[in-house]
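Reading through the structure tokens given below for one structure.
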Amino acid sequence: MNQHFDTILKSGTVVNQDGEGVRDIGIAGGRIAAIGSLGQASAGEVIDCKGLHILPGVMDTQVHFREPGLTQKEDLETGSRSAVMGGVTAVFEMPNTSPLTVTEEAFTDKIKRGHHRMHCDFAFFIGGTRENVRDLPEFERAPGCAGVKVFIGSSTGALLVEDDESLRRIFQVIRRRAAFHAEDEYRLNERKPLRVEGDPRSHPVWRDETAALMATERLVNLARETGKRIHVLHISTKEEILYLRDHKDVASCEATPHHLTLVAPDCYERLGTLAQMNPPVREARHRDGIWHGIGQGIVDVLGSDHAPVSYTHPCAAYAGGEAEDLSGLAVGHDRRADAGAADARPRQCGAAVAPALRRSHQRRAGTAVQHRLQGPHRGGL
Ligand SMILES: [Zn+2]
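Once you know that position 282 of the sequence shown is 362 in this note's numbering, the rest is easy, because the numbers rise by one and skip nothing.
Dropping the structure here:
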């Protein structure tokens, strides 16, 4: 009996758990009903996909969509619209909005804002703080919660939990894997005088690789001590990759496009403060080390860390970057410009990164990145 579909995507190169190959996809009732050779089937519409790749929807496990409170930069509607235009069908959104997502009220408000406005699936992180530690076990299991996110180095002041004693209290109560921004606050404070006013090249000198490694080591130790699991966000150093290789039983980790494609000092000379983010982009050996981590399966997930900021000229004076999470000069910006968001950065900023990622990707990792992206999110956030 001949099968009938609403739509057949014909002869596309399908990339999924079976690998990569030319296949047809039959769609019925808005769902994929068959994948294979559908030459005998009929359809209301046949779309010729020859020469095109078809990938499963991507989950972006780290985005900052700026709503509520900072919607002059982006909101849940425009951010998710740009996500789906880039092939991202689910996002995990971060808690450093205004007010911070650290209470039940703020969390419920975000869910309410997302329903019927966001174009993709979503979950929201809840920020772990000294004040809400007792409520975290309940928060982290709430429907729509991606898990607990903790900043242990100051990227966004009010969410900071820098000391082991307070962190231990959080570790003791949570059950799910929690996500961390890992830079050691004490070392950052100590090294602040190394910032050179007006020179973004000093950003990774101040926030050096040791600050990142120290924080990651402290988190792994706390995870072992308390029998919990961690997810280290936006790995920026080769040393962390080598260290985490031996701690995969308690720690998953994320790499971002900017740490995989940009290098210091070139990025600061070329892009000025547009390349400023936390943790910083560092020298080539770190970029290569993170690619090595992808190749070896040490990196569990790629996240964009999409985080729009208001445009300031690349030559704007370097001021230390404490005010906000300046991360995310990533593919996301380009997508967002596509979606027509009102205050999107000029396209060349994102566009400068996206082709570089494609080039590096082809050169270095074959399809490894895509395979990771399609897979279920193994970090278990
Ligand atoms: Zn982030």
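Yeah, the Cβ is synthetic: ideal placement off N, Cα and C, and Gly gets one too.
- Per the C-alpha coordinates, the member of 282, 373, 93 and 201 positioned closest to residue 135 is 93.
- Taken from the Cβ of residue 142, at least one heavy atom of ligand 1 lies inside 7 Å.
- Residue 144 and residue 165 have their C-alpha atoms some 17 Å from each other.
- Taking 8 Å as the upper bound for CB-CB distance, residue 338 and residue 289 are not in contact here, some 16 Å apart.
- Look at residue 385: its beta carbon is less than 7 Å from one of the heavy atoms in ligand 1.
- Counting only runs that start and end inside the region 268–317, the beta strand (DSSP E) elements of at least 3 residues fall at 310–312.
- Residue burial is scored here from C-beta neighbours: residue 132 has fewer than 16 other C-beta atoms within 10 angstroms and is therefore classed as exposed.
- Contact between residue 383 and residue 336 holds: CB atoms are separated by about 6 Å, below the 8 Å threshold.
- Under the three-state reduction of DSSP output, residue 132 falls in the coil class, being neither helix nor strand.
- Between ligand 1 and the CB of residue 139, the shortest heavy atom gap is not smaller than 7 Å.
- Runs of the beta strand (DSSP E) spanning 3 or more residues and lying entirely within the region 137–218 occur at 138–143, 168–173 and 201–207, in chain order.
- Taking the CA atoms as reference points, residue 181 sits about 27 Å from residue 392.
- Residue 342 sits in coil when the DSSP states are folded into three classes, being neither helix nor strand.
- Inclusion of residue 167 and residue 137 in the CB contact set at 8 Å is warranted, their separation being smaller than that value.
- Going by C-alpha positions, residue 296 is about 22 Å away from residue 341.
- Restricting attention to 222, 351, 247 and 275, the CA atom closest to the CA of residue 302 is found in 247.
- For residue 111, the uninterrupted beta strand (DSSP E) run begins and ends at 111–116, by DSSP.
- Sequence-distant partners of residue 294 (beyond 5 residues in either direction) whose C-beta falls short of 8 Å from its own C-beta, in its chain, are 264 and 267.
- Burial check for residue 314: the Cβ neighbour count within 10 Å reaches 16 or more, so the residue is buried.
- In this structure, DSSP gives residue 88 an extended state, which the three-state scheme calls strand.
- Sequence-distant partners of residue 195 (beyond 5 residues in either direction) whose C-beta falls short of 7 Å from its own C-beta are missing from its chain.
- With contacts defined by Cβ atoms closer than 8 Å, residue 219 and residue 184 form a contacting pair.
- Cβ neighbours of residue 323 within its own chain (closer than 7 Å, five residues either side excluded): 293, 296 and 297.
- In its chain, beyond the 5 residues on either side, 398 have a beta carbon closer than 7 Å to the beta carbon of residue 279.
- By the Cβ neighbour-count rule, residue 130 is exposed, with fewer than 16 other Cβ atoms within 10 Å of its own.
- The continuous stretches of beta strand (DSSP E) do not include residue 383, and DSSP gives it neither H nor E.
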